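Going by the working numbering, the sequence shown runs without a break in its numbering and finishes at 302.
Glycine included, every Cβ here is placed at the ideal spot set by N, Cα and C.
In this text, all values refer to a predicted model and were calculated from it rather than measured experimentally.
The structure appears right after this line, and notes come after that.
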Amino acid sequence: MREPTFIVAGGVATGTGSLTTLIKDHPQIYLPKVMRPECGFFYKEAEFKKGKKYYLQRWFSEVGDEIAIGERSSLNLHGYFNNVAQRTHALYPDIKLIFCLRNPTERAWGNYRFTALCGLETLSFAEALEQEEARINRANGWMSEIRPHEYRKRGCYYDQLESFYEHFPKEQILCIKSETLAQEPEKILYQVFNFLGVDTNFAPKSDEKNFSSPNVKNLNVQAVLRSILGRRIDEWTEEYREGQARSIGSKLLGYNLTRAKQPMLQDDRQRLNDFYAPHNEKLSKFLGWDLSDWN
């Protein structure tokens, strides 16, 4: 069985869904047909313990003659606490890694909105930021691993990329600025195709899905719905999120959701901008990027 040559490895709420949607139809690229839930083999302890044979069978059994073989695991970038970089290198030292990096303030807000959509958030954004560390420390079970309330820390990109650059040569890592992906997709796609060694002239379909999350009208109602529906809520909210609310469940959830824009409060934005300023400066110097638009 053929093995992966690349991973779209992060981060959460940075545009990895948009990127994989744009590249998945390239005839020389293989990506699993179903990527929800995402793979997360190197991130999730229970998955990693199943071993390499399981990983290949589960995600790559349908590989044909494609040149670049990959999967998407957005949490990998944030796996600083469970040795994701070391695990990945141990099995695939030659694999290529793609990271999407978005304005961390906007990323935190997007992450919060998605967690609320999943019925896992009852606090305001300001309260959630204030209690972030305490909530992570007292989490248990799958919550302690997935860390749905880790909004601020996930935007410290330099700290999280460090372990990957320690284990992999820079030639095997491609960092993408999410804002450029949104504004100049052709430019980013050329970089990605060139990085993966596939035909750079391929033009993807223009009917890209909208992966932005709708907003929850009442956080407590959404949390109650999750307590009743369990993880089925994830499937139904995904339908709604992609504009395919066909099932009764997704239509019912729609009564507590809205597409109306919900802006971040200015105080929350300023607090995050101040927090991220030194982190962005380190990242800017490390990658040679102009990040003035992030501040």
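Is residue i buried or exposed, if buried means 16 or more other CB atoms sit within 10 Å of its CB?
| i | result |
| --- | --- |
| N227 | exposed |
| Y247 | buried |
| Q273 | exposed |
| I255 | exposed |
| E157 | buried |
| Y61 | exposed |
| P221 | buried |
| G18 | buried |
| K56 | exposed |
| P34 | exposed |
Grouping DSSP H, G and I as helix and E and B as strand, with all else coil, what is residue i?
| i | result |
| --- | --- |
| N89 | coil |
| E78 | strand |
| V15 | strand |
| F49 | coil |
| V199 | helix |
| N208 | coil |
| N302 | coil |
Is the Cβ-Cβ distance between residue i and residue j less than 9 angstroms?
| i | j | result |
| --- | --- | --- |
| F107 | V15 | Correcting the residue identity first, residue 107 is Cys in this sequence and not Phe. Against a cut-off of 9 angstroms, the Cβ pair of V15 and C107 comes out as a contact. |
| T187 | K177 | no |
| I74 | T12 | yes |
| Y50 | G86 | yes |
| M42 | E78 | yes |
| E45 | L82 | yes |
| Q167 | L84 | yes |
| R159 | L136 | yes |
| P111 | L294 | no |
| E152 | E242 | no |
| S80 | F48 | yes |
| T21 | S185 | yes |
Output the boundary residues of the alpha helix (DSSP H) element that contains residue i.
| i | result |
| --- | --- |
| K60 | K59 to F67 |
| V228 | L226 to L236 |
| E134 | F132 to E137 |
| E113 | P111 to L124 |
| D29 | For clarity, residue 29 is Leu in the given sequence; the question names Asp instead. Looking at the DSSP string, the run of the alpha helix (DSSP H) that includes L29 is T23 to I30. |
So the beta strand (DSSP E) residue i belongs to, where does it begin and stop?
| i | result |
| --- | --- |
| I105 | K103 to L108 |
(request) Taking only runs that begin and end inside the stretch 241-292, name each unbroken alpha helix (DSSP H) of 4 or more residues, in chain order. (result) 255-260
(message) To test your reading of the DSSP string, which unbroken beta strand (DSSP E) runs of 3 or more residues are found completely within the stretch 140-197?
(response) 180-184
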